[in-house]
Amino acid sequence: MPPIAEIAGLAIAYPHAGAWRRVVDGVSLTVDDGAAIGVVGESGCGKSLTALSLVGLVPEPGRVEAGRIVLAGEDVRAADEARLCSLRGGVAGFVFQEPAQALNPVRSVGFQVGEAARLHLGVGAERAHPLAVELLGEVGLEHPERIARAYPHELSGGQRQRVLLACALSADPRLLVADEPTSALDTVSQQHLVELLERLRSRRRLAVLFISHDLALVCRLSERVTVLYAGETVEVAGRDALVGEPRHPYTRALMQVQLGAQRPERGPLPTVPGEVPRAGEWGRGCRFAPRCPLAFDRCRVARPALVPLGGGAQVRCFLASAQAEPDGRA
Amino acid sequence: MGEPEATPLLEARGVARRYPPRGGVGGLAWREQVVLDDVSLALRPGEILGLVGRSGAGKSTLARILLGLEPPNGGEVRFRGQPIGDLDGAGLQRFRRAVQVVFQDPHASLDPRHSLGAIVSEPLAVHGVGERRGRRERGAQLLREVGLPGTELFLGRNPRELSGGERQRVALARALACGPEVLILDEPVSALDVSVRGQVLNLLLELHRGTGLALLLIAHDVRLVARVCDRVAVMAGGTIVEEGAPHSVLASPTHPATAELVGAARWLST
């Protein structure tokens, strides 16, 4: 079976001082049907733009400069607006970080949940309401018929996020894109939402693309993880391999800043010094080199390639790829 | 003022807060809402007190009441033993200067029309500290204290040009401008990337060591609070349900609400 979504060599650029400046530059991503794929990286690494490009929603004035984007067998870059509309919601449902902003304040919850079903499945108004109630129940909301009549401002953040999830599932998509769906929630709601996503995935045989800056959270839900840094892929690995043996120094840094719940000793917290460089300040060497504790001379002058390591794993680091290959010393 | 150690710096005594019915169309909020019910909490000089709980537990409402931004329906807030409801104009101004706050959302809490220099030195102007030129220099110094450049170029920049972590540092510099005695931090890092949270919290710990400022750190993540605080209070359903040393609260929670928070933190970190 072909993958439900495939991105290869994606480049997205924005105008800056009279020229086009790439903010996503060489991202590839494959989501097999029914698979759970995670994308992790700090703010400004290109995670959300990559996801939005799947349905032709790169915000103005940005443009896709290069790469292949295929969703459910359809070339997204060549698709017209009508085709894109049917892909959005119909094939790929989206859940965003801020449920308060994603919902319409003057429409009832039930109307919004049924909207995609009316639009994509041709469900009539009289059937859309019971369907919405059913979906609200499926995402674990109590009193779904009462929630359907409510308006977004009457709900808590956790409830709104579930409503958004019900909206995304309304037209029975094959792929769910969840972009930082838990970042506005407290830890208990975070756990409940991730558990719910796991249940929905197995019940509906749904593929999930889960995006977050929190590596532990991404690993919780994903079978494979892509690590993005400054607009490019720096590591791809299966979840267990990534947790057991992270190869790229950036992946290791993201792992070190996780706070364990087991050892609550006091004192300074682990950090990743510095910040993600902005587009245009990437330099000619490895983009992570300025923050990398292991960087050596070559890292600052030459850009490492994304090297396959076997088993579908890839890493973009001179040291890591040399270590993986006993003969190939850098 | 004979025994400064015995008197809490800032204290909520039996604080209650109720909101009138809203009459929601879906009928979800037609009753009076009890947001805080008999909440007592004392912040001692120089300590870092953590306040944890889920969204909607009443943490932020308690923070606003402790700041004097919202009146309680019952009970009172005392600053250095004196009810803040009794303060006159000048007393209230002193209180506002002594008790400062950093909010969760650094995008919403900094005025996008003002330069960073104006934002950081505004509290000095409000409280009549120094003259214009001195305030500008103090603003630059404050920015350096929170790890940002104190250059003229940086002072002239706009909050929109900054990252989330940088904005939260600016909010912190503004809160520190008038030399407060108490700093209330309402989810100061939950809108930030995991990788940046440590930087901001370490900065707080450093400032605390340097100034002996009392901190009230509000968060929903017990992992954070346990790393940073001397003492933890757990809030659920508008009341304090548990209070104690972070390690004992985490290792053996006694209230179900605490156990739920600890359980989620464990689940999320494995």
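Protein chains in written order, with our numbering: chain A, 967 to 1296; chain B, 1150 to 1419.
Where a beta carbon is used, it is the ideal one built from N, C-alpha and C, also for glycine.
*Where does GLU1152 of chain B land, buried or exposed, given buried means 16+ other C-beta within 10 angstroms?*
Reading the second sequence from its first residue, position 3 is the one you call residue 1152 of chain B. With a pLDDT of 43 at GLU1152 of chain B, under the threshold of 50, the modelled position of that residue is not reliable, and the figure given next carries that caveat. When all chains shown are included, GLU1152 of chain B counts as exposed.
_Assumed close pair PRO1255 of chain B, GLY1313 of chain B - CB separation to whole angstroms, cut-off 8 Å_ = The residue labelled residue 1255 of chain B in the question sits at position 106 within the second sequence. The residue labelled residue 1313 of chain B in the question sits at position 164 within the second sequence. Contact flag correct, Cβ pair sits at about 6 Å.
*By Cβ distance below 7 Å, which residues in the same chain neighbour ARG1293 of chain B in space, the five residues on each side in sequence not counted?*
Stepping through the second sequence from its first residue, residue 1293 of chain B is reached at position 144. Answer for ARG1293 of chain B: GLY1299, listed in chain order.
_Can you list, in chain order, the residues of its chain with a C-beta nearer than 6 Å to that of LEU1297 of chain B? Leave out the 5 residues immediately preceding and following it._
To locate residue 1297 of chain B, count along the second sequence from 1; it is residue 148. For LEU1297 of chain B, the CB contacts under 6 Å within the same chain, skipping 5 residues up- and downstream, are ARG1318 in chain order.
*ASP991 of chain A by DSSP, collapsed to three states: which one?*
Here the question's residue 991 of chain A lines up with position 25 in the first sequence. ASP991 of chain A: strand per DSSP, three-state reduction.
*N-terminal and C-terminal residue of the beta strand (DSSP E) that PHE1176 of chain A is part of*: Counted from its first residue, the first sequence places residue 1176 of chain A at position 210. Counting along the chain, the beta strand (DSSP E) containing PHE1176 of chain A begins and ends at 1173 to 1178.
*Where do the ends of the beta strand (DSSP E) carrying PRO1274 of chain A lie?*
The count along the first sequence starts at 1 and reaches residue 1274 of chain A at position 308. Here the beta strand (DSSP E) through PRO1274 of chain A covers 1273 to 1276.
*The beta strand (DSSP E) spanning ALA1363 of chain B covers which residue range?*
Locating residue 1363 of chain B in the second sequence gives position 214, where the first residue counts as 1. Unbroken beta strand (DSSP E) run through ALA1363 of chain B: 1363 to 1368.
*Does the Cβ of GLN1067 of chain A have 16 or more other Cβ atoms within 10 Å, making it buried, or fewer, making it exposed?*
Position 101 of the first sequence, counted from the start, is the residue given in the question as residue 1067 of chain A. With fewer than 16 Cβ atoms within 10 Å of its Cβ, GLN1067 of chain A is classed as exposed.
*asked:* Using only the alpha-carbon positions, how far apart do GLY1088 of chain A and GLN1078 of chain A sit?
replied: What you label residue 1088 of chain A is simply residue 122 of the first sequence in a count that begins at 1. What you label residue 1078 of chain A is simply residue 112 of the first sequence in a count that begins at 1. Our two residues, GLY1088 of chain A and GLN1078 of chain A, have alpha carbons roughly 15 Å apart in a direct line.
*Hey, how far is the Cα of PRO1402 of chain B from the Cα of LEU1366 of chain B?*
The residue given as residue 1402 of chain B occupies position 253 in the second sequence. The residue given as residue 1366 of chain B occupies position 217 in the second sequence. The straight-line gap from Cα to Cα measures roughly 19 Å.
*From the DSSP output, read off the bridge partner residues of THR996 of chain A.*
Locating residue 996 of chain A in the first sequence gives position 30, counting from the first residue. For THR996 of chain A, which the question treats as bridged, DSSP gives the partners A:GLU972.
*Mind pulling the chain B residues with CB within less than 9 Å of GLU951 of chain A?*
No information on residue 951 of chain A is available, as it lies outside the stretch 967 to 1296 that chain A covers here.
*Can you list, in chain order, the residues of its chain whose CB lies under 7 Å from that of PRO1221 of chain B, leaving out five sequence neighbours each side?*
Residue 1221 of chain B sits at position 72 when you count from the first residue of the second sequence. Excluding sequence neighbours, PRO1221 of chain B sits near VAL1164, ALA1165, ARG1166 and ILE1214.
*Look at the alpha carbon of VAL1269 of chain B and the alpha carbon of GLU1391 of chain B, and state the distance between them as a whole number of angstroms.*
Taking the first residue of the second sequence as 1, we reach residue 1269 of chain B at position 120. Taking the first residue of the second sequence as 1, we reach residue 1391 of chain B at position 242. Looking at the two C-alpha atoms, the distance is approximately 37 Å.
_I need the boundaries of the beta strand (DSSP E) containing GLN1182 of chain B, first residue and last residue._
On the second sequence, residue 1182 of chain B is found 33 positions in, with the first residue counted as 1. Here the beta strand (DSSP E) through GLN1182 of chain B covers 1182 to 1192.
*Answer yes or no: do VAL1179 of chain A and SER1019 of chain A have a C-beta to C-beta separation smaller than 9 Å?*
What you label residue 1179 of chain A is simply residue 213 of the first sequence in a count that begins at 1. What you label residue 1019 of chain A is simply residue 53 of the first sequence in a count that begins at 1. Residue 1179 of chain A is actually His in this sequence, not Val. Result no, Cβ atoms of HIS1179 of chain A and SER1019 of chain A do not sit closer than 9 Å.
*Would you please verify whether the beta carbon of ARG1186 of chain A is less than 9 Å from any beta carbon of chain B?*
Position 220 of the first sequence holds residue 1186 of chain A. With 9 Å as the cut-off, ARG1186 of chain A counts as an interface residue toward chain B.
*May I ask which residues mark the beginning and end of the alpha helix (DSSP H) holding PRO1162 of chain A?*
The sequence position of residue 1162 of chain A within the first sequence is 196, counting from 1. Per the sequence presented here, residue 1162 of chain A reads as Leu, with Pro not at that position. Per DSSP, LEU1162 of chain A belongs to the alpha helix (DSSP H) from 1153 to 1170.
_If the criterion is Cβ atoms closer than 9 Å, does the pair ILE1197 of chain B and HIS1396 of chain B meet it?_
As a position in the second sequence, residue 1197 of chain B is number 48, starting the count at 1. As a position in the second sequence, residue 1396 of chain B is number 247, starting the count at 1. No. Outside cutoff.
*asked:* Can you check whether the C-beta of VAL1371 of chain B is within less than 9 Å of a C-beta belonging to chain A?
replied: The residue given as residue 1371 of chain B occupies position 222 in the second sequence. Judged by the 9 Å Cβ criterion, VAL1371 of chain B is in contact with chain A.
*Give the DSSP-derived three-state secondary structure of ARG1126 of chain A in the structure shown.*
By 1-based counting over the first sequence, the position of residue 1126 of chain A is 160. Of the three classes helix, strand and coil, the one that applies to ARG1126 of chain A here is helix, per DSSP.
*asked:* Checking 9 Å against the spacing of the C-beta atoms, do ARG1264 of chain A and GLY1249 of chain A come in under that value?
replied: Along the first sequence, one-based indexing puts residue 1264 of chain A at 298. Along the first sequence, one-based indexing puts residue 1249 of chain A at 283. Cβ atoms of ARG1264 of chain A and GLY1249 of chain A: not closer than 9 Å.
_Euclidean distance between Cα positions of GLY1294 of chain A and ALA1288 of chain A_ = In the first sequence, residue 1294 of chain A corresponds to position 328, counting from 1. In the first sequence, residue 1288 of chain A corresponds to position 322, counting from 1. The predicted position of GLY1294 of chain A is uncertain, since its pLDDT is 43 and thus under 50; a value taken from the coordinates is nonetheless stated next. One C-alpha to the other measures close to 6 Å.
_Of the residues A:GLY1007, A:ASP1046, A:ASP999 and A:VAL1006, the one placed nearest GLY1022 of chain A, counting alpha carbons only_ = Here residue 1022 of chain A corresponds to residue number 56 of the first sequence, with the count starting at 1. Per the Cα distances, A:ASP1046.
*How far does the beta strand (DSSP E) with ARG1380 of chain B in it reach, from first residue to last?*
By one-based count along the second sequence, residue 1380 of chain B stands at place 231. Looking at the DSSP string, the run of the beta strand (DSSP E) that includes ARG1380 of chain B is 1380 to 1385.
*Apart from the five residues on each side of it in sequence, which residues of its chain come closer than 7 Å, Cβ to Cβ, to ASP1186 of chain B?*
Working through the second sequence from its first residue, we reach residue 1186 of chain B at position 37. The answer, listed in chain order, is ALA1165, GLY1387 and THR1388.
*asked:* Please list the terminal residues of the continuous alpha helix (DSSP H) segment that includes GLN1348 of chain B.
replied: Working through the second sequence from its first residue, we reach residue 1348 of chain B at position 199. Element bounds for GLN1348 of chain B: 1343 to 1360.
*Examine the Cβ distances between the segment 1275 to 1285 of chain A and the segment 1210 to 1223 of chain A and report whether three or more of them are shorter than 8 Å.*
Because the criterion of three Cβ pairs below 8 Å is met, the segment 1275 to 1285 of chain A and the segment 1210 to 1223 of chain A touch.
*Are at least three pairs of beta-carbons, each pair with one atom in the segment 1180 to 1191 of chain A and one in the segment 998 to 1012 of chain A, less than 8 Å apart?*
yes
*Under the three-state reduction of DSSP, which class applies to ARG1295 of chain A: helix, strand or coil?*
In the first sequence, counting from the first residue as 1, residue 1295 of chain A sits at position 329. Since pLDDT at ARG1295 of chain A reaches only 43, below the 50 mark, its modelled position is unreliable, and the value read off the structure follows with that caveat. Per DSSP, reduced to three states, the secondary structure at ARG1295 of chain A is coil, with no helix or strand assignment.
*What residues in the segment 1178 to 1205 of chain A have a beta carbon less than 8 Å from any beta carbon of chain B?*
HIS1179, ASP1180, LEU1181, ALA1182, LEU1183 and ARG1186
*Alpha carbon to alpha carbon, what distance is there between MET967 of chain A and CYS1258 of chain A?*
As a first step, residue 1258 of chain A must be located in the first sequence, where it is residue number 292. As a first step, residue 967 of chain A must be located in the first sequence, where it is residue number 1. Those two C-alpha atoms are separated by around 40 Å.
*Just the chain B side, please: which residues come within less than 9 Å of THR1217 of chain A by C-beta, in chain order?*
In the first sequence, residue 1217 of chain A corresponds to position 251, counting from 1. Correct list: empty, because the minimum Cβ distance to chain B is about 12 Å.
_Does the CB of GLY1233 of chain A have a neighbour CB from chain B at under 9 Å?_
Reading the first sequence from its first residue, position 267 is the one you call residue 1233 of chain A. GLY1233 of chain A counts as touching chain B.
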